[in-house]
Amino acid sequence: MIRALALLLFCQLAGEMLVRAAGAPLPGPVLGMLLLFLLLLARGRSWSELDTTADTILRNLSLLFVPAAVGVIQHTATLGTHWAALGAALLVSTVVTLTVTALVFRAVARMAGAGDDAREGDAGQ
């Protein structure tokens, strides 16, 4: 579990360092997740220790929201001042996310359906 956690933290650190060095407008942990994804692609599969560690982190994910909630409470005055802009941003981002998710789902379903049709056609010959 320690090796897997070290790998996850190393990928996050590497992502953070690359973003800061390049001045990229991307969160470091996102680039770190991309690095982990590329590592897993190169390896061809995950391993049980990494799976167990990731599952443990995900089961306790709600604890990671406590600092964000404290930050919201500390900045209630700012939130009160900019509530309209924040509400609009939340609404627009939610609608855009749902729309993009639906379009991606439809595209993947169409591709998966086309693959099933092609396989059924081959089986009939």
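Number 114 in the working numbering belongs to position 107 of the sequence shown; there are no gaps in the numbering.
By construction, the Cβ of each residue, glycine as well, lies at the ideal position given by its N, Cα and C atoms.
In the three-state reduction of the DSSP assignment, Met118 falls in the helix class, which pools H, G and I. Taking C-beta separations shorter than 8 Å and ignoring five residues to either side along the sequence, Gly51 has no partners in its chain. By the Cβ rule, the region 15-22 counts as touching the region 38-48, because three or more pairs are nearer than 8 Å. Within the region 23-52, complete alpha helix (DSSP H) segments of at least 4 residues are found at 35-50, given in chain order. Between Leu12 and the set Ala96, Ala91 and Ala61, the nearest pair of CA atoms involves Ala61. The criterion of a C-beta distance shorter than 8 Å is not satisfied by Leu68 and Val79. Val99 has its alpha-carbon roughly 29 Å from the corresponding atom of Phe44. Per the coordinates, the alpha-carbon of Ala119 lies some 38 Å from the alpha-carbon of Leu93. Shown here, Trp54 sits in coil according to DSSP, grouped into three states, outside any helix or strand.
Nearest in C-alpha terms to Leu47, of all of Leu25, Thr101, Ala116 and Leu14, is Leu14.
Between the C-alpha atoms of Asp58 and Phe112 there is a straight-line separation of about 26 Å.
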